[in-house]
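Mapping to the numbering used here: the sequence shown position 397 is 456, numbers consecutive. Just so it is clear, CB atoms sit at the ideal spot from N, CA and C, and this is done for glycine as well. Just below is one structure, and these are the notes that go with it.
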Amino acid sequence: MKRPESLHKKVIIGGRSLEMEDVLMVACNAVPVEFSNDAEWNRKIRAGAEFVDRAWREHRSIYGVTTGYGQSGIKAVPPELVSELPKLLIRFHGCGMGEILPEPLAKAVMVVRLNSLAYGNSGVRMDLLDLIRELINHSIIPVIPEEGSVGASGDLTPLSYVAAVLMGERDVFYQGRHRQTSEVFQELDIQPLTLMPKEGLAVMNGTSVMTAIACFAYQRAEYLSRLASRITAMVVEVLRGNKSHYDARIFAYKPHPGQSLIATYIREDLGYHSGDLKALDDHLQDRYSLRCAPHVIGVLADALPWMKEWIETELNSANDNPLVDAEQEDFLHGGNFYGGHIAFAMDGLKNAVANVADLLDRQMAFMMDPKNNRGLPANLSGATEERLCISHGFKAMEIGTAAWTAEALKNTMPASVFSRSTECHNQDKVSMGTIAARDCLRVLELTEQVAGAVLLAATQGLEIRIRNGDLEHHHLTPQIRETLDAIRGECDFIEDDRPLEQTLRRIKSLIAEKAWALYED
Numbered sequence: 060m061k062r063p064e065s066l067h068k069k070v071i072i073g074g075r076s077l078e079m080e081d082v083l084m085v086a087c088n089a090v091p092v093e094f095s096n097d098a099e100w101n102r103k104i105r106a107g108a109e110f111v112d113r114a115w116r117e118h119r120s121i122y123g124v125t126t127g128y129g130q131s132g133i134k135a136v137p138p139e140l141v142s143e144l145p146k147l148l149i150r151f152h153g154c155g156m157g158e159i160l161p162e163p164l165a166k167a168v169m170v171v172r173l174n175s176l177a178y179g180n181s182g183v184r185m186d187l188l189d190l191i192r193e194l195i196n197h198s199i200i201p202v203i204p205e206e207g208s209v210g211a212s213g214d215l216t217p218l219s220y221v222a223a224v225l226m227g228e229r230d231v232f233y234q235g236r237h238r239q240t241s242e243v244f245q246e247l248d249i250q251p252l253t254l255m256p257k258e259g260l261a262v263m264n265g266t267s268v269m270t271a272i273a274c275f276a277y278q279r280a281e282y283l284s285r286l287a288s289r290i291t292a293m294v295v296e297v298l299r300g301n302k303s304h305y306d307a308r309i310f311a312y313k314p315h316p317g318q319s320l321i322a323t324y325i326r327e328d329l330g331y332h333s334g335d336l337k338a339l340d341d342h343l344q345d346r347y348s349l350r351c352a353p354h355v356i357g358v359l360a361d362a363l364p365w366m367k368e369w370i371e372t373e374l375n376s377a378n379d380n381p382l383v384d385a386e387q388e389d390f391l392h393g394g395n396f397y398g399g400h401i402a403f404a405m406d407g408l409k410n411a412v413a414n415v416a417d418l419l420d421r422q423m424a425f426m427m428d429p430k431n432n433r434g435l436p437a438n439l440s441g442a443t444e445e446r447l448c449i450s451h452g453f454k455a456m457e458i459g460t461a462a463w464t465a466e467a468l469k470n471t472m473p474a475s476v477f478s479r480s481t482e483c484h485n486q487d488k489v490s491m492g493t494i495a496a497r498d499c500l501r502v503l504e505l506t507e508q509v510a511g512a513v514l515l516a517a518t519q520g521l522e523i524r525i526r527n528g529d530l531e532h533h534h535l536t537p538q539i540r541e542t543l544d545a546i547r548g549e550c551d552f553i554e555d556d557r558p559l560e561q562t563l564r565r566i567k568s569l570i571a572e573k574a575w576a577l578y579e580d
């Protein structure tokens with residue numbers, strides 16, 4: 060069931076659009092980044108940097124170059140101080156708090172920021188792009204605290220940690236160690252940059268942290284929609300559910316594409332065909348947690364395509380301020396740093412994912428209850444008859460599943476509605492996109508824990524049915540047998556009570572890694 064390794068050899072930046080998969084391949088699989096050899100792209104980068112340098116020397120008024128920042132933009136900066144402004148901007152934003160972004164995620168931040176700057180509308184030199192690329196390819200990763208961004212003007216504080224590393228300051232991860240940037244640069248003979256006017260602002264004033272997080276969140280959620288479908292099919296077999304609930308005709312009458320796709324997944328896993336009377340039994344209508352599973356998981360499946368479009372549009376955008384139009388010799392002062400689309404997508408995604416957690420939690424409770432689980436022992440205990448009185452099986456894991464689900468649901472409160480006026484009311488409306496994205500990752504983590512627990516329980520339930528003679532292993536579809544055998548390779552049948560923490564952690568990590576191929580196109 061292992062997924063095939065990617066055939067990507069390199070990711071090209073410059074003059075083309077990236078997909079989320081490109082970002083993840085660089086961040087997680089050490090695929091190198093190279094620049095386009097397109098002459099027009101190289102000319103555009105040079106022209107932008109040269110225009111910025113010429114414009115401020117000609118005493119043009121340029122926000123963040125010849126003025127202060129934010130509300131301080133009304134203050135003119137004399138020419139002799141212009142060169143100091145970038146490093147001071149970076150330094151005073153060095154106030155991030157909270158947990159440190161994991162290395163792959165911080166690396167993704169660099170890829171996303173590099174791609175945005177490479178559009179040629181930010182006025183940075185090729186030297187700056189080259190250094191970011193070099194850091195990515197050598198896995199010299201900025202240490203970035205996750206807290207401190209309101210999502211407009213972009214991710215200023217977290218991105219200041221990327222900018223500081225370009226100057227040889229603050230800390231990096233390198234070869235598994237947390238080290239001072241200056242030491243690593245000296246060791247590898249890397250020359251830090253003296254940032255030119257506009258370059259500090261260009262690196263910092265964008266949506267690259269929230270967008271990088273969104274890339275990770277999307278791919279985990281997409282896999283989870285598939286896994287929840289497989290788990291549901293297994294639970295239907297465990298509970299002797301009515302397979303006709305997934306009849307294709309039902310979904311033709313309400314043709315949401317994602318919902319229909321999830322129903323197809325479940326139907327194929329169960330080996331059900333329309334009009335198959337053998338699939339019907341005395342349970343005319345199952346509980347909603349089985350009968351309506353395609354309608355719950357389908358919301359997530361139907362939301363994913365537009366979320367992907369929004370995330371990749373943000374990924375392939377120039378999102379700092381001011382933007383540079385070297386052809387027209389103009390500076391465009393706007394608000395492309397505003398992370399509203401990512402905020403809305405991540406608020407929506409965490410809602411859809413948490414509903415899947417709730418669905419799986421209800422399936423878990425269904426399997427545990429001997430009054431309703433259609434002949435299975437309480438808590439799916441695998442103990443012998445004489446030891447059932449002291450065996451509690453999955454009781455504690457079911458309680459844990461309820462706790463993880465509750466926390467996931469609690470985190471669905473939309474972050475994007477909590478805009479706070481900041482910075483002397485210059486930033487009087489902000490997106491909170493980075494908080495929304497971070498919340499989404501937390502909801503995904505909790506839901507993956509729920510999925511892992513229910514997957515273990517469904518595997519136990521299937522084996523109990525097989526051992527009791529209620530079900531033949533070969534009567535299961537090949538795909539369910541494959542999943543059953545894969546989980547059994549990680550966890551033996553639970554006969555006597557034993558700790559399951561490490562087993563659950565292992566299953567959860569496999570889910571996060573998308574270790575099993577599910578419904579591959």
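Listed in chain order, the alpha helix (DSSP H) runs fully inside the stretch 490-534 are 492-526, counting runs of at least 4 residues. In its chain, beyond the 5 residues on either side, LEU160, ALA165, PRO217, TYR220 have a beta carbon closer than 6 Å to the beta carbon of ILE203. DSSP places PRO251 outside both helix and strand once states are collapsed to three, so it counts as coil.
Setting aside the 5 residues that flank it on each side, LYS409 is surrounded in the same chain by THR471, ASP498, CYS499, VAL502, each with a C-beta closer than 6 Å to its C-beta; the list follows chain order.
When C-alpha distances from ALA276 are compared across ALA402, GLU228, ASN375, the shortest belongs to ALA402. A distance below 6 Å between beta-carbons, with the five flanking residues on each side excluded, links PHE390 to the following residues of its chain, in chain order: ILE121, PRO381. Taking C-beta atoms as the reference points, MET84 and CYS274 fail to come closer than 7 Å. Taking a 10 Å sphere around the C-beta of ILE449, we find fewer than 16 other C-beta atoms and assign the residue as exposed.
By alpha-carbon distance to ALA362, the top candidate from ALA385, THR323, GLN318 is GLN318. Within the stretch 147-194, the runs of alpha helix (DSSP H) that reach at least 4 residues and sit entirely inside it are, in chain order, 162-176. Contact between THR464 and ASP406 is absent: CB atoms are separated by about 19 Å, not below the 8 Å threshold. When secondary structure is reduced to three states using DSSP, HIS342 falls in the coil class, being assigned neither helix nor strand.
Taking each of TYR282, ASN432, LEU298 in turn and checking the Cα distance to VAL412, the smallest one comes out for TYR282. Burial is judged here by how many other beta carbons sit within 10 angstroms of a residue's own beta carbon; ALA98 has fewer than 16 and is exposed. Counting of Cβ neighbours within 10 angstroms places ASN527 among the exposed residues, the total staying below 16. If only complete runs of 4 or more residues are kept, the stretch 277-357 shows the alpha helix (DSSP H) at 307-311, 316-329, 347-350, in order along the chain.
The C-alpha of VAL92 is placed about 47 Å away from the C-alpha of ASP306. ASP420 sits in a helix when the DSSP states are folded into three classes. Contact between the stretch 255-265 and the stretch 111-120 is present: three or more C-beta pairs spanning the two stretches fall below 8 Å. By a beta-carbon distance limit of 8 Å, ALA512 contacts GLY459. Their separation comes to about 7 Å.
For GLU549, same chain residues with a beta-carbon under 7 Å away, outside a window of 5 residues either side, are THR562, ARG565, ILE566 in chain order. Assignment of beta-bridge partners to PRO201 by DSSP yields VAL231. Segment contact: the stretch 363-376 against the stretch 471-486, fewer than three CB-CB distances shorter than 8 Å; contact not assigned.
Of the residues ILE133, LEU439, LEU505, ALA496, the one whose Cα lies closest to the Cα of PHE552 is LEU439. For ASN174, the closest of TYR233, PRO137, THR270, PRO201 by C-alpha to C-alpha distance is THR270. By DSSP's assignment, LEU382 forms a beta bridge with LEU391. Within a 10 Å sphere around the beta-carbon of TRP369 sit 16 or more other beta-carbons, which makes this residue buried. Taken through DSSP and simplified to helix, strand or coil, VAL136 comes out as coil. The Cβ atoms of GLU457 and MET427 lie closer than 7 Å to each other.
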